[in-house]
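I have placed the structure first, in the form of structure tokens, so that the comments after it can refer back to it.
In my numbering, the protein residues as written are 5 to 126.
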């Protein structure tokens, strides 16, 4: 029998979406429990990876392991749980080759929406 699936060049490591979703949920739980000042710090640090030093971002640019580690080190004093979540989330994206600035932007949007949802319930 012939194989019907095309196993081209994109048959490399895939992003484990269930694992990543669990990480994002845990990060969301941590994010909403932070004080407003700490949430702003987290947002600013993570967005630094997206925007680098410019005022705009090209979302298809890739971020590096060094940028991920620098952000992790800066997140540690704010929240160990948030820093660990960031490290796990970023590592999963790096391994799968999905380390685009757009993915970080989606993460931040998810965290911010999560906070809005939590505020609406309280």
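Where is the CB? At the ideal position from N, CA and C, for every residue including glycine. Predicted, not measured: the structure shown is a model, and the values here were computed from it.
Check, Outcome
"What is the DSSP secondary structure of residue 104, reduced to helix, strand or coil?", "strand"
"Measuring straight from C-alpha to C-alpha, what distance separates residue 89 and residue 55?", "21 Å"
"Excluding the 5 residues flanking residue 96 on each side, which residues of the same chain have their C-beta closer than 6 Å to its C-beta?", "24"
"How should residue 34 be labelled, buried or exposed, when 16 other C-beta atoms within 10 angstroms of its C-beta is the threshold for buried?", "buried"
"So, is residue 77 buried or exposed, given that buried needs 16 or more other C-beta atoms within 10 angstroms?", "exposed"
"Is it buried or exposed for residue 93, if we count other Cβ within 10 angstroms and need 16 for buried?", "buried"
"Please identify the residue among 124, 116, 102 whose C-alpha is closest to the C-alpha of residue 48.", "116"
"Name the two residues that bound the continuous alpha helix (DSSP H) containing residue 82.", "Unbroken run through residue 82: none, as it is neither H nor E."
"Looking at the strands, I want to know which residues DSSP matches up with residue 66.", "104"
"Please name the residue in 119, 124, 111 whose C-alpha comes closest to that of residue 63.", "111"
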